[in-house]
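Asker: For the sequence shown, the UniProt record's numbering assigns the number 1 to the initial residue and increments by one for each residue that follows. A virtual CB, placed ideally from N, CA and C, is assigned to each residue, including glycine. This is the structure I have questions about; it appears just below.
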Amino acid sequence: MRYLSSKHNRHILYGPTSYRAILATQTDTFAKYREEIWQVLKLSRNNWKREHHYSTLSEISSIETAPPHSGSPSVIEYLCESLPNYEVLCEYLTDFFASDFYDSYQIVHKEKVLRDLQDCFVKGPRSHKTGQHTIISLNLDSKKKNYYKVGVMTAIMCLASHPKEVPEAIEVFHKVLTSFVSAKVFYTERVQFLFLRYLYINVAGLDGGDQSHCIFIHGLTIDTAIHMGLNEDLRRLYLSKNHPIEEIPYLEIVVMDLIHGR
């Protein structure tokens with residue numbers, strides 16, 4: 001017995017001992033009354049959240065907030081200041097998709113990443129000197145902001161630009177994304193981002209010589225994938241529910257390989 005919860009492109013798979021999985025097997029009559037009761041409770045819960053200024057998104061939204069009284073930029077502002085010009089970022093992604101890394105792992109879907117490139121970055125005016133555009137801000141399509149889309153692209157940039165030094169702002173951005181622990185982070189892009197970070201640590205010779213510095217990033221990658229059900233029969237679990245997850249075949253191959261090698 002399994003229950004896949006999907007909301008705002010986040011996916012969590014609940015097993016047979018989960019309360020959510022048990023509820024999913026109940027009769028239509030039970031589900032009808034449960035939904036009526038839940039609507040009343042949900043209204044009260046939302047009122048309580050507003051009254052107490054509580055949000056489960058506070059962890060993610062902290063990435064947009066500058067430290068109080070510090071005069072320092074937010075993590076996102078710092079990132080945008082440090083990113084290369086838009087055209088240079090495009091070149092890094094193009095180089096990556098022409099590389100052995102992409103052919104060997106295919107952890108990301110090329111067309112989707114290139115769409116995210118167009119959608120997520122806001123370009124400034126074209127420079128008369130370089131003919132290129134700076135990146136002035138990010139544009140994510142909902143209040144449930146999926147910064148892992150951006151993280152996938154900056155992680156690819158780190159791989160494609162190696163051995164150039166990674167700007168501090170990008171390192172900070174990657175560390176913050178890696179640190180998120182709430183249920184608001186179960187995007188397929190999180191698995192991709194973590195795996196790309198794992199690759200970079202190895203390519204850059206930062207693994208300690210015996211993979212010891214990869215233990216936690218490797219574990220996070222696998223644990224996130226398992227909690228999303230990416231080690232299950234994905235075509236049955238996801239595609240039967242019409243989830244537009246183009247990366248599923250690639251994730252299935254990579255995740256299963258990681259699990260067997262753990």
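So, helix, strand or coil for Lys-7, using DSSP?
Answerer: Of the three classes helix, strand and coil, the one that applies to Lys-7 here is strand, per DSSP.
Asker: Would you grab the beta carbon distance between Asp-192 and Ile-60 for me? Rounded to a whole angstrom, and I think it's under 8 Å.
Answerer: Note that residue 192 is Gln in the sequence shown here, rather than Asp. Contact doesn't hold; Cβ gap of about 17 Å is too wide.
Asker: Checking the sheet assignment: what are the DSSP bridge partners for Leu-138?
Answerer: Note: Leu-138 sits in a beta bridge opposite Phe-121.
Asker: Which of helix, strand or coil does DSSP assign to Tyr-147?
Answerer: Correct three-state label for Tyr-147: coil.
Asker: Have a look at the DSSP bridge pairing and note the partners of Leu-13.
Answerer: DSSP, once it has assigned bridges, lists Leu-4 as partnering Leu-13.
Asker: In three-state DSSP terms, what is His-52?
Answerer: Helix.
Asker: With 16 other CB atoms within 10 Å as the buried threshold, where does Asn-46 fall?
Answerer: Exposed, since its Cβ has fewer than 16 Cβ neighbours within 10 Å.
Asker: Determine the closest residue to Glu-81 out of His-109, His-162, Phe-121, with distance taken between C-alpha atoms.
Answerer: Ranking His-109, His-162, Phe-121 by Cα distance to Glu-81 puts Phe-121 first.
Asker: Any idea what DSSP makes of His-218, helix, strand or coil?
Answerer: In the structure shown, His-218 sits in a helix (DSSP, three-state: H, G or I).
Asker: Around the C-beta of Lys-184, are 16 or more other C-beta atoms found within 10 angstroms, so that it is buried, or is it exposed?
Answerer: Buried: at least 16 other Cβ atoms inside 10 Å.
Asker: In the DSSP assignment, find the alpha helix (DSSP H) that holds Phe-195 and state where it starts and stops.
Answerer: First-last of the alpha helix (DSSP H) with Phe-195: 188 to 203.
Asker: Between which two residues does the alpha helix (DSSP H) holding Ser-104 run?
Answerer: 100 to 105 is the extent of the alpha helix (DSSP H) around Ser-104.
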